Structures are given as structure tokens and as C-alpha cells.
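Novice:
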Amino acid sequence: MNTSAKLSLQDNPVITGLWQVADLERNGVALDQQVASDSLLEYVDDGFTCFDMADHYGSAEIIAGVAKKRLSATHHPLADKLRLYTKWCPEPNETTFELVKAGIMKRLERLDVDCIDLLQLHWWTFDHPGYIDVMDHLHRLQQDGLIRHIGVTNFDTDHLHVLQSCGFNIVSNQVCLSVLDRRALGDMSQLCQATGVRLLCYGTLAGGFISERWLGAEKPEQIEDWSKMKYLRFIDATGGWSVFQALLQTLNTIAQQRNVSIANVATSWVLQQPSVAGIIVGARVTQNQHRNSNKALLQLKLTDDDIAQIDQHEQMLAVVPGDCGSEYRRPPFLTASGDLSHHLDALPTVYQREAIAGFKQRFRISSGSEFEPVCGYSRGIREGNRILISGTTATHGESRTIGNDPHAQTERPVG
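This is how it looks when you write it as C-alpha cells:
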């Protein structure tokens, strides 16, 4: 298997996202697999052969697996082009090879495949460095033929850099990017251009808010849809409803000039950004199919003037706080698939605090490096309210040096 190959979505950069399966199943009743897979097959018939899902998207993986099996059974001409991308969101204590393999085998079983096209790792808290161990194991499973490509999802710039500097072959980072939320266009985009990592972008329509449906509409007072709950927070964070309406009006003006939808203009803007390989457009699988609109998107290319009109709103928009994925690591952890804070109910202790003999109110932590007891130093010492951090080479485990540059060394967490 060629593990150095880069992800390519040149034929069709529109990926169909299945996160709303979780919303449809939140009452505990799973969707009918045959009926739901019918919807996926209709997407394939129209040339949309790439689907994105995750371990916590309800039965999305199972539905996608059923669709793949049905395509193969009928010798569909696009069966060989079908790509199923999934995400694994392990708890921070799932870092052994056995647990990682079990998580990947579960994905293979639900998808009913022998090899995962793209496995994307999500990590809940970078305070715990176990993502480095997990990535080691994923690459071992890739060598064993169980994974074709390895990506990450919602990694911030610093920790993606750590993985890159450790020599891991990461082909993609799935992040939020839209005309409203432009966090990925700064340091993240620069890092991706320098390293060849491609961005897969979700949230391009802000949960459906970026559409004619909300042009000139009043701000909703109550929302039941998980996805819209999340993106209404983004609208509030970037300046509020009136600022958002001004942006919608500009998108609508361009859309009318080009005889396309507001959604087409907004998603085309994302696709034309550097380092973006594809966009993920959600499908509710039981309603609101937008395949015709997505096909129109493939024919649209915004002019420099179109982009300039959209970009003039940047000075009026406040920046969504944090880097890419910060909303997944800060309370209330509200995502497009609901509040997933239960993943963080029991964070394992990474570093043990030890009292230093002969001193009052003086404690130390060690990183586990084999050099610390030999050389007589600790990774960190706290005396009262004063904290001292060792300036020695940051390591992971007993002796593994983290990264090959000062940036990666600085981002190595110490608890």
C-alpha cells in the first residue's frame, strides 16, 4: 500500500456529510438502513461518491456500509469511486495498541470494509499527550493494510505542527471554514501549504443559516436542531444577527448576478481558498436533498471582484475565539452532533504530583523521561504560586524527542 500518496478530490470536491444522522436518531430509534441508504445511492447516481461520517454519528457508518454493499452487488459503474471517510474520537485513556486496534476494527465492521479510505483522528484535550501514541498505532495499522489514508479533525495549528514534526504522514485536517468563521485561513492555511496537508472543510453553510431561508429573517428565538444551535453561537460571536444579515445580502447580490444560490456562492468561496481540498455539505438523508444545487456549485468559479465583495465583510466580523477546533475543547462542547462533553467525564491523570522532601509547599512533576532521575531534574516544579518549567529537550515517554524544531518542542504539553 502506498502510504505516501496524497488525498485527491479533483474529480468532485463536494463531500456529503452524514452528521445529521445523529440528530435524526437522538430519540434512540435508528433509521431504516435500506431507506437511508437509498438516499446515499441517489447521491452516487449524481456523481457525489464521497461520504464523511464518524463513530458518534448514530448509525451513519452502518448506513454507508449498506450503500457500498448494494453498489457492489449491482455492479454500479461508480462503485469503484465510492469513498467512505470516517472519524474516530477515542477517550484520552484509549492509547494502547490493543485499544486503538479495537476502535479501528469497530469502524471496519460497521462500514463492512477491509480498509478504511480515510481515518480521521479527533483528540479531545491536548493536555493529554496520548494522541502521539495513538498516531503511532494508526500508522502501524496503516502498514497492515487496514487504513489507506490518515487524517485528523479539529486539530489546531500548533498540534498539527507537532504531528508533522514527529514525521507522521497526515494527509488532511477537517476543520470549520466559512465566510463567517475564517480561523483556518491564518496560521493553519500557511502550515498546510508548507507541508502538503489538505483541508476538508465543514460548516461552510453554518448549519443552513447561510441561505435564502434566513435572508431578511428575524433571529430565531428557539432552535431544536443541534447544528443550528452551534452556528447561531458563531453568528453571535462574530458580531450578531445584523452583521450576519449584511453578509447574507452581499452573498445574495452575487448569487443573483450569477444565477446561483447563496449556498453556491458561500461554498465556492471556501473551495477557492488555498489548501482546501474539499467541502463537506450535510445531508439529512430523509429530506432537504440539495444535489442539484451541489451540481451547480461544481460549475461555479467566483471572480476576483466577487471574492473582494465578500472579503470586505471581514473587517466587520469579529473573529471566532481560539484556533481551529477550540469549541470542541471548551465547555459546553456543543458540536453539530450535540453536547459531547461526556467524552471528558473522566480524564486520566497524565502526570503525578509529588511532594519534595524537606520543603513545604513544594511539588514536582516528571514527564517519564529516563533522563530525569539520572540527571536529577524534573519537568516542572511548583513552590507556592511560582511554577518553574525545565528548559531541557521535551520528550514523550522515556526517551522519544518530540519534534525537530523549537516550535514543536514548545507545544509539547507538560500537564
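If you use the numbering used here, the sequence shown corresponds to residues 202 to 616, in order.
Using N, Cα and C, we set each Cβ at its ideal position, and we do this for glycine too.
Source: prediction; values computed, not measured.
(1) Considering only their Cβ atoms, is the gap separating G526 from D281 smaller than 7 Å?
(2) Measuring alpha carbon to alpha carbon, tell me which of I371, A237 and C377 ends up nearest S428.
(3) Excluding sequence positions up to five away, which residues of its chain have a Cβ less than 8 Å from the Cβ of I508?
(4) What do you get for F249, buried or exposed, if any count of 16 or more other CB atoms within 10 angstroms of its CB means buried?
(5) Measure the alpha-carbon distance for T204 versus T326 and round it to whole angstroms.
(6) Going straight from the alpha carbon of E262 to that of C367, what length do you get?
(7) What would DSSP say about G218, mapped onto helix, strand or coil?
(8) Have a look at Q510, V461, L406 and V486 and flag the residue whose alpha-carbon is nearest the alpha-carbon of L501.
(9) Let's see if you can read the secondary structure: which residues bound the alpha helix (DSSP H) around Q450?
(10) Could you check the C-alpha separation between A556 and Y332 for me, to the nearest Å?
(11) Quick one: measure Cβ to Cβ for M254 and T287, integer angstroms, because I've assumed they're closer than 8 Å.
(12) Classify A268 as buried or exposed, calling it buried when 16 or more other Cβ atoms lie within 10 Å of its own Cβ.
(13) Less than 8 Å between C-beta atoms, sequence neighbours within five positions excluded: which residues of the same chain meet that for R492?
(14) Anyone know if the C-beta pair for V301 and H277 falls short of 7 Å?
(15) Roughly how many angstroms lie between the CA atoms of M202 and D345, to the nearest whole one?
(16) Mark A294 as exposed unless 16 or more other C-beta atoms lie within 10 angstroms of its C-beta, in which case mark it buried.
(17) Rank G397, L499 and G441 by C-alpha distance to the C-alpha of L518 and give the top, closest one.
(18) Counting along the chain, where does the beta strand (DSSP E) carrying C251 start and finish?
(19) Is Y529 helix, strand or coil by DSSP?
(20) The beta strand (DSSP E) that contains I480, what's its start and end?
(21) When burial is assigned at 16 or more other CB atoms within 10 Å of the CB, is F560 buried or exposed?
(22) Here's the rule: buried if 16 or more other CB atoms are within 10 angstroms of the residue's CB, otherwise exposed. What is L589?
(23) Going by Cα to Cα distance, which pick from V398, L272, E528 and R587 is closest to F369?
Specialist: Reading off the structure:
(1) Their beta carbons are not under 7 Å apart, which means D281 does not touch G526 by this criterion.
(2) The candidate whose alpha carbon is nearest that of S428 is C377.
(3) Taken in chain order, the residues that qualify are W470 and Q473.
(4) Here F249 is buried. Its C-beta has 16 or more other C-beta atoms within 10 Å.
(5) Note that T204 scores 46 on pLDDT, short of 50, meaning its location in the model is unreliable; the coordinates nonetheless yield the value given after this. If you take the alpha carbons of T204 and T326, they lie about 27 Å apart.
(6) When rounded, the distance between both Cα atoms is 31 Å.
(7) Strand.
(8) Of Q510, V461, L406 and V486, the residue nearest in Cα terms is V461.
(9) First-last of the alpha helix (DSSP H) with Q450: W442 to R459.
(10) A straight-line Cα-Cα distance of about 28 Å links A556 and Y332.
(11) That pair is a contact at about 5 Å.
(12) By the 10 Å Cβ count, A268 comes out buried.
(13) Excluding the 5 residues flanking it on each side, R492 has same chain C-beta neighbours closer than 8 Å at E243, Y244, D247 and F249, in chain order.
(14) No, they are not a contact pair.
(15) Any reading at M202 needs caution, since the residue's pLDDT is 43, under 50, leaving its predicted position unreliable; the model's value is listed next. One C-alpha to the other measures close to 9 Å.
(16) According to the sequence shown, residue 294 is Asn rather than Ala. With a threshold of 16 other beta carbon atoms within 10 Å, N294 falls short and is exposed.
(17) Comparing Cα positions, the closest option is G441.
(18) Segment C251 to D253, the beta strand (DSSP E) holding C251.
(19) Helix at Y529.
(20) That run of the beta strand (DSSP E) goes V477 to G483.
(21) Classification for F560: exposed.
(22) Burial call: exposed.
(23) Looking at the Cα atoms, V398 is the closest of the given residues.
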